[in-house]
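A quick write-up on the structure given underneath.
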Amino acid sequence: MSALSIRGVRKSFGDNQILKGVSLEAAPGEFIALVGPSGCGKSTLLRILAGLETADCGEIVVAGQDISGVRAADRNIAMVFQSYALYPHLSAAQNIAVPLVMRRLTRAQRLPMLGPLIPGQRKAVAAIKRDVREMAASLKIDHLLDRKPGQMSGGQRQRVALGRAMVRRPAIFLMDEPLSNLDANLRVHARGEIVELHRRAGVPTVYVTHDQAEALSMADRVAVMIGGALLQLAPPQVIYDDPQHVEVAKFIGQPRNNLLSSQVEADAVVAFGDVRCALSDRTIATGTAVTLGIRPEFVGISATGGSGLPARVERVEFLGSEIIVYSRLEAIRETMIAKVSPAEGAGLAAGMPVRLHAAAEHLLVFATDGPRLATTPIATHVAREAAHG
Amino acid sequence: MTRNFLSLGRIARLSVLGLGALIFLAPYIFMISTAGKAQSDIFNASLSLVPQQWFYVQNFTKALSRVSMGTLLFNGVVVCLLILVIQVVIAIPCAYAMAKLRFRAARAMMVLVMLGLLVPIHATALPLYVAFDRVGGLNSYFALVAPFTISVFGIFLFLQFFRSMPDDLIHAARLDGMSEVGIIARVIVPNAWPAITAFSIFSVVAHWNDLYWPLIVVSNQAYATPPLGLLYFRAAEAGDDYGALTAATLIITFPLVAAFLLAQKRFVEGITMTGLKG
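For the protein sequence lines, the chains are A and B, in the order given. At position 32 of the first sequence (counting the first as 1) the number is 32 in the numbering used here, and the numbers step up by one without a gap. At position 17 of the second sequence (counting the first as 1) the number is 1017 in the numbering used here, and the numbers step up by one without a gap.
Dropping the structure here:
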């Protein structure tokens, strides 16, 4: 049984369709990253999950129970906000204690002055204090417990927000870009910490981010949302190697994927220079427009001639461990990005004529409306023969 | 440091400000002076700030003995406190709902609040008077307090303040298990003290000094508020004894002056927050 399933959730604000029927299943203990450009609807989906927004239609099932109509307060879902949303008037300890106070104490027990007179209150309060201290110790923020949010750094606030969300052991854990307000060094460090906390707590987590590096590095599975639709939900490696939609191929990967417009040739073959692959669907008509994708790291450059498409180097970016080469394919007026090792890229400079080549198994072919088309690479020597014949 | 302290620009600025302050304070200074003068001294042709004979004790004794100053001050405190507490209790939930909840009537309510801000008490005074008269409610604390319990100004001020509170804070509170009432009590109010203080200052100053409405609904001295009491004082008791009158005025304005001096910083914060600054 899945821990969380979202079925056909739609949401519009006026005429603006934000979510166009999103469905998603999460296994118990799974870490799912929702990634997409800003405005793709990922935060709206998260808010619908939390109960802060209502979906126009569709259902949300947590542990076998449809919670679509349940108030946010009764959902047992915790969330870490991008702004952390800590209560500014409460100390860190009080902030972490709030969800426990609201759940474990009765209305009467929460009253100021009168509360402590009600039987059981002192014991419950002591238990809450103990749990808060344990939570703080596991997040290494015990020394901050008396401070107010205004007296803490961004990283410290982020930990307190994590503590407040985790302390009550929720059924689902939601995070809305919790690292985007941290500086770059801290962010990389915090990534590892969140993954570690998630592994220990074992609570299914939905993590919203616009940062593909976060999504790929942290999640068990990555859900790519673009324009209100969930285009692909798969483990990070599959998302990267095997994108099922041109938008996924475009969004994931740094530097971005090379996408060229091309046409289907005779016998349902798609070619990049003399590198060819055959479409599995042989009924696609010759001349149909398609989009061809090749990851920059699979584009080879040779400055000494040989096979490959002739191009001219436009710009070379040195990044230390690698070199990014932008070169212009004069024949089709497109710029190709190649990521090569410093050794391969040595001596390349703007204006130099080069030849670009790629292996057939790395060609990704997409229909013009987006979906991936299945292909089988055609071995190079066959391609050469065909070219000569 | 000396240069900094007494530079030419600073002297010029301070003199301009000092002059302005003097102009604005002149009536009050004159009042303080008059409160210490004998009757003959007040009507003396020559204008002098320093009394020829010190008559403070006599004037203050008269002011305190001729009207029940204690009752006046007590009424003032009761009326102002009742008005303030009820106003805040009504305005905060109302402003919270308008600022942070989505409901159909929100826009209509906003229009009503704006209309309420536009209509002065003077326009509604007569119908209100007739209504209080019909229910036999004149000459009571109820008549003094009721018309002001819903303060559209308060709602508007809190609305502006709550709008600037982050939505995520309220979302977090909901996820933590708070009801809407809980959010108001545990999140909104503790973070709204600057707004509440500012509003309290406006409300108390306005209603402590209000003469118009008490004059309409109160004819029994037992319910007279300080400014109204002053009026009785002048008409019935003192005749044209301006020395005693100004002494009484000083007594009545003293609580506000003291409160202002104590909470000066808050007061300025309040004014800057409501956007009344230039």
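By construction, the Cβ of each residue, glycine as well, lies at the ideal position given by its N, Cα and C atoms. Computed from a predicted model, the values in this text were never measured in an experiment.
Can you give me the C-alpha to C-alpha distance between V101(A) and I1183(B), rounded to a whole angstrom? Stepping through the first sequence from its first residue, residue 101(A) is reached at position 101. Stepping through the second sequence from its first residue, residue 1183(B) is reached at position 183. One C-alpha to the other measures close to 14 angstroms.
With contact counted as at least three CB pairs below 8 angstroms, one residue from each stretch, are the segment 330 to 349 of chain A and the segment 312 to 322 of chain A in contact? yes
Contacts that V1187(B) makes with chain A (C-beta to C-beta distance below 7 angstroms): In the second sequence, residue 1187(B) corresponds to position 187, counting from 1. Y87, listed in chain order.
Please state whether the Cβ-Cβ distance between L1138(B) and V1079(B) is less than 7 angstroms. Here residue 1138(B) corresponds to residue number 138 of the second sequence, with the count starting at 1. Here residue 1079(B) corresponds to residue number 79 of the second sequence, with the count starting at 1. No, they are not a contact pair.
From the DSSP secondary-structure annotation, give me the bridge partner or partners of G25(A). Taking the first residue of the first sequence as 1, we reach residue 25(A) at position 25. The sequence given here places Glu at residue 25(A); Gly does not occur at that position. S5(A).
Please tell me whether A1099(B) has its Cβ less than 7 angstroms away from any Cβ of chain A. Here residue 1099(B) corresponds to residue number 99 of the second sequence, with the count starting at 1. A1099(B) does not count as touching chain A.
Kindly confirm or deny that the segment 1094 to 1109 of chain B and the segment 1152 to 1171 of chain B touch, where touching means at least three C-beta pairs closer than 8 angstroms. yes
CA-CA distance, F1142(B) and V1067(B)? If you number the second sequence from 1, residue 1142(B) lands on position 142. If you number the second sequence from 1, residue 1067(B) lands on position 67. If I take the Cα positions, the gap works out to 23 angstroms.
By the DSSP assignment, the beta strand (DSSP E) with G58(A) in it spans what residues? On the first sequence, residue 58(A) is found 58 positions in, with the first residue counted as 1. Counting along the chain, the beta strand (DSSP E) containing G58(A) begins and ends at C57 to V62.
Presumed contact (8 angstroms Cβ cut-off) between G202(A) and G29(A), rounded CB distance: What you label residue 202(A) is simply residue 202 of the first sequence in a count that begins at 1. What you label residue 29(A) is simply residue 29 of the first sequence in a count that begins at 1. So it is a contact: roughly 5 angstroms between Cβ atoms.
Counting only C-beta atoms, is R159(A) closer than 7 angstroms to chain B at any point? Within the first sequence, residue 159(A) is the residue found at index 159, counting from 1. No, R159(A) does not count as interfacial toward chain B.
Within 10 angstroms of its Cβ, does K1100(B) collect 16 or more other Cβ (buried), or is it exposed? Numbered from its first residue, the second sequence carries residue 1100(B) at position 100. With 16 or more Cβ atoms within 10 Å of its Cβ, K1100(B) is classed as buried.
Go to R191(A), then tell me how far its beta strand (DSSP E) extends in each direction, as first and last residue. Indexing the first sequence from 1 puts residue 191(A) at position 191. Careful: R191(A) lies outside any beta strand (DSSP E), inside the alpha helix (DSSP H) at A184 to A201.
L1175(B) versus F173(A): straight-line alpha-carbon distance, rounded: Translated into the one-based positions of the second sequence, residue 1175(B) becomes position 175. Translated into the one-based positions of the first sequence, residue 173(A) becomes position 173. Answer to the nearest angstrom: the Cα atoms are 11 angstroms apart.
Buried or exposed by the 16-neighbour rule on C-beta atoms within 10 Å, applied to E177(A): As a working note, residue 177(A) is residue 177 in the first sequence. Answer is buried; the Cβ neighbour count reaches 16.
Between the beta-carbon of F132(A) and the beta-carbon of A93(A), is there less than 7 angstroms? Your numbering for residue 132(A) matches position 132 in the first sequence. Your numbering for residue 93(A) matches position 93 in the first sequence. Going by the sequence as given, residue 132(A) is Val instead of Phe. Yes, these two residues count as a Cβ contact at 7 angstroms.
Contacts around G1076(B), its chain only, beta-carbon distance under 7 angstroms, and the 5 residues preceding and following it disregarded: As a first step, residue 1076(B) is located in the second sequence; it is residue number 76 there, counting from the start. Excluding sequence neighbours, G1076(B) sits near W1208, T1225 and P1226.
Beta-carbon spacing of L230(A), H245(A) below 7 angstroms: Mapped onto the first sequence, residue 230(A) falls at position 230. Mapped onto the first sequence, residue 245(A) falls at position 245. Contact: no.
Return the residues of the segment 67 to 94 of chain A that lie within a Cβ-Cβ distance of less than 7 angstroms from chain B, sorted by chain order. A72, A73, I77, A78, M79, F81, S83, A85, Y87, P88 and H89
Beta-carbon of L105(A) versus every beta-carbon of chain B: anything under 7 angstroms? What you label residue 105(A) is simply residue 105 of the first sequence in a count that begins at 1. By this cut-off, L105(A) is not an interface position.
Counting only the same chain and skipping the five closest in sequence on each side, list residues whose C-beta sits under 6 angstroms from that of P149(A). Counted from its first residue, the first sequence places residue 149(A) at position 149. Answer for P149(A): L86, P88 and R157, listed in chain order.
So A50(A) and E214(A) are supposed to be a Cβ contact under 8 angstroms. How far apart are they, rounded? Here residue 50(A) refers to the residue found at position 50 of the first sequence. Here residue 214(A) refers to the residue found at position 214 of the first sequence. That pair is no contact at about 20 angstroms.
Helix, strand or coil: which one does DSSP assign to V132(A)? The residue given as residue 132(A) occupies position 132 in the first sequence. Looking at V132(A) - three-state DSSP - the assignment turns out to be helix.
Contact list for the segment 1106 to 1128 of chain B against chain A, Cβ threshold 9 angstroms: none
Helix, strand or coil for A1238(B), going by three-state DSSP, please let me know. Within the second sequence, the letter at position 238 stands for residue 1238(B). Because A1238(B) sits at a pLDDT of 49, beneath the cut-off of 50, its placement in the model cannot be relied upon, and the following sentence gives the value as read from the coordinates. Note: A1238(B) maps to helix in three-state DSSP.
What runs of the alpha helix (DSSP H), each 4 residues or longer, lie entirely inside the segment 1183 to 1261 of chain B? 1193 to 1208, 1212 to 1217 and 1226 to 1232
Using 8 angstroms as the cut-off, can you tell me whether the segment 280 to 297 of chain A makes contact with the segment 361 to 373 of chain A, which would need three or more C-beta pairs spanning the two stretches below that distance? yes
Determine whether the Cβ of P1190(B) lies closer than 7 angstroms to any Cβ atom of chain A. Here residue 1190(B) refers to the residue found at position 190 of the second sequence. Closer than 7 angstroms: yes.
Between M1178(B) and chain A, is there a C-beta pair that is closer than 7 angstroms? The residue given as residue 1178(B) occupies position 178 in the second sequence. Yes, M1178(B) counts as interfacial toward chain A.
If the cut is a Cβ gap below 9 angstroms, which residues of chain B does I50(A) touch? Locating residue 50(A) in the first sequence gives position 50, where the first residue counts as 1. The question names Ile, but residue 50(A) in the sequence shown is Ala. Correct list: H1171, R1174 and L1175.
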